[in-house]
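Please read the structure below before turning to the comments.
Protein chains: 2
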Amino acid sequence: MDSINKEEIQKQFPQFEQPLLDGILKESVIKHLEEGEPIIQTGQYIRSNILLLNGLLKVYREDDEGNEFLMYYLEPGSACALSMMCTDRRETSQVKAKAVQSSDVVLIPAHLSEQWLAKYKSWHNFVIGTYRERFEELLQTLDSIVFKSLDERLLFYLKRHVETIGSEIRLSHQQIAEELNSSREVISRLLKKLEQRGAVTLHRNYLKVHNLEKV
Amino acid sequence: MDSINKEEIQKQFPQFEQPLLDGILKESVIKHLEEGEPIIQTGQYIRSNILLLNGLLKVYREDDEGNEFLMYYLEPGSACALSMMCTDRRETSQVKAKAVQSSDVVLIPAHLSEQWLAKYKSWHNFVIGTYRERFEELLQTLDSIVFKSLDERLLFYLKRHVETIGSEIRLSHQQIAEELNSSREVISRLLKKLEQRGAVTLHRNYLKVHNLEKV
DNA sequence: CGCCCACAGTGACTTACATCACGCAGCCAA
DNA sequence: TTGGCTGCGTGATGTAAGTCACTGTGGGCG
């Protein structure tokens, strides 16, 4: 905790003006998350904005039977749009988030975030921008489910993974299936087809992506 | 156009402070839409915020093969979140909107909207609130597709329709099928099952919803 | 070393939904 | 009236994906 200083925040959020940075340092809490640790849990009332300093978070939806569905990954320098809208979450399905890698997050109390919206232009722009980006991302995800078949969705998923995390995907077929709300066997078959076309190479517990475009 | 006055805007947007209302009256354009008229078209760069004064708009997604998918309806007093994020829309799938009923909308130039965010607290809250609501709504829609089967999605669709428009649904099976990105025959069969259970009564070109809860 | 166990491959089957083909009924207009 | 159009009902069939049951395999560990 003490190892996180102004410089680190400034590095990830260079657009923030000085007084805002000071405010963040003074008022916010920095929390370290171990790999796999949840940050937003079911039914929890969110009272803080969450900014990601380093590491990687995964934001996903879960239904009442425990089925998961990946919404998007959060990278350092970005914020969780969901943590910004403290609506009541009584629905059966819940948004959840957890750390994919060991991460550090900045927790900003909701009432301060509200104040800062009016006070700091850079904060305001950041919040609005976050909404926009996540909205866009959610729309893309929606598209891929409504209009595309599973093989196309898998491609979309792999591409996004390569962009955010890298071309070496350290997940089992089972885990990929869960993120797409599908089943292992189906994902295995589709991955095998991709391998035959030279797009990926499969290994135990991980796979490498080569070229998804020409598939 | 001249029949729309300050009182009408004030009635739909009572939370706006006086100077903001004056600004809207002075700077914005009011546009009338006939039933079925599009307001956001494919690939169009959106330069205005759209507020709905009266009537009803339908916001939907369309893919490159012309398949539609309903996102949500917009009622008077609300705004189109999408018109607020003027990102470039080069993706294959497009968000579109059109009038379901004859409607009047207020078009607010994007640069003014930006200014007003800092200037008027009520405008700021309105914009943030719009993002939140639409985000929530989109999440619910996402849920229903990812986790639910078509019969449940149809129920979800009917419920939403009843809430926003009323229990008499003046659409053909074909039109309902399109909004769910399904096919007429399947929707016909599912509707018939609902009729047998007493939840709806079917007619030519319209249907009446009685009680969806106990199904 | 051999045992175990999680991961992966595979064929057979089921299911949900789409698609096709056709018939029929109501309604408008020539 | 009659013809045609549009919306709706329905069986037959196709297809993508989920499920089940089983086999194979590689890697860690006693």
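Chains A and B are the protein sequences, given in the same order. Here the first sequence is numbered in the numbering used here, starting from -13 and rising by one per residue. Here the second sequence is numbered in the numbering used here, starting from -13 and rising by one per residue. Glycine is no exception: its CB is placed at the ideal position from the N, C-alpha and C atoms. Just so it is clear, the structure is predicted and the values come from calculations on it, not from any experiment.
Short check: CB of residue i to CB of residue j, under 9 Å?
i                      : j                      : result
residue 179 of chain B : residue 129 of chain B : no
residue 171 of chain A : residue 54 of chain A  : no
residue 87 of chain A  : residue 21 of chain A  : yes
residue 157 of chain A : residue 192 of chain A : yes
residue 35 of chain B  : residue 93 of chain B  : yes
residue 84 of chain A  : residue 134 of chain A : no
residue 126 of chain A : residue 142 of chain A : yes
residue 58 of chain B  : residue 151 of chain B : no
residue 149 of chain B : residue 67 of chain B  : no
residue 198 of chain B : residue 144 of chain B : yes
residue -1 of chain A  : residue 37 of chain A  : yes
residue 290 of chain A : residue 155 of chain A : Chain A is shown only over -13 to 201; residue 290 of chain A falls outside these bounds and no answer can be derived.
residue 91 of chain A  : residue 17 of chain A  : yes
residue 11 of chain B  : residue -5 of chain B  : yes
residue 15 of chain B  : residue 70 of chain B  : no
Put residue i into one of helix, strand or coil per three-state DSSP.
i                      : result
residue 47 of chain A  : strand
residue 134 of chain B : coil
residue 191 of chain A : coil
residue 87 of chain B  : coil
residue 5 of chain B   : helix
residue 26 of chain A  : strand
residue 61 of chain B  : coil
residue 113 of chain A : helix
residue 56 of chain A  : strand
residue 42 of chain B  : coil
residue 34 of chain A  : strand
residue 10 of chain B  : helix
residue -5 of chain A  : helix
residue 173 of chain A : helix
residue -13 of chain A : Any answer about residue -13 of chain A is weak, because its pLDDT of 46 lies below 50 and its placement is not dependable; what the coordinates show is given next. The answer is coil: DSSP assigns residue -13 of chain A none of H, G, I, E or B.
Hey, quick one: how far does the beta strand (DSSP E) through residue i stretch, first residue to last?
i                      : result
residue 164 of chain B : Premise fails: residue 164 of chain B lies in the alpha helix (DSSP H), 159 to 165, not in any beta strand (DSSP E).
residue 196 of chain A : Neither: residue 196 of chain A is in no beta strand (DSSP E) and is coded neither H nor E.
residue 16 of chain A  : 15 to 19
Between residue i and chain B, is the shortest Cβ-Cβ distance under 9 Å, so that the two count as touching?
i                      : result
residue 84 of chain A  : no
residue 131 of chain A : yes
residue 49 of chain A  : yes
residue 146 of chain A : no
residue 97 of chain A  : no
residue -5 of chain A  : no
residue 120 of chain A : yes
residue -1 of chain A  : no
residue 68 of chain A  : yes
residue 197 of chain A : no
residue 107 of chain A : yes
residue 125 of chain A : yes
residue 114 of chain A : yes
residue 207 of chain A : A query on residue 207 of chain A cannot be resolved here, the shown segment of chain A reaching from -13 to 201 and no further.
residue 103 of chain A : yes
residue 81 of chain A  : yes
residue 189 of chain A : no
residue 18 of chain A  : no
Under 9 Å between C-beta atoms, does residue i make it to chain A?
i                      : result
residue 170 of chain B : no
residue 117 of chain B : yes
residue 93 of chain B  : no
residue 128 of chain B : yes
residue 6 of chain B   : no
residue 163 of chain B : no
residue 185 of chain B : no
residue 55 of chain B  : yes
residue 167 of chain B : yes
residue 159 of chain B : no
Is residue i near the ligand FAD, going by C-beta to nearest heavy atom under 8 Å?
i                     : result
residue 38 of chain B : Looking at this structure, you won't find the ligand FAD or any other ligand, since it has none at all.
In the DSSP assignment, find the unbroken alpha helix (DSSP H) run with residue i in it and report its ends.
i                      : result
residue 104 of chain B : 96 to 105
residue 69 of chain B  : 67 to 70
Does the contact criterion of 3 or more C-beta pairs under 8 Å hold for the region 91 to 102 of chain B versus the region -3 to 14 of chain B? Touching, per the Cβ criterion.
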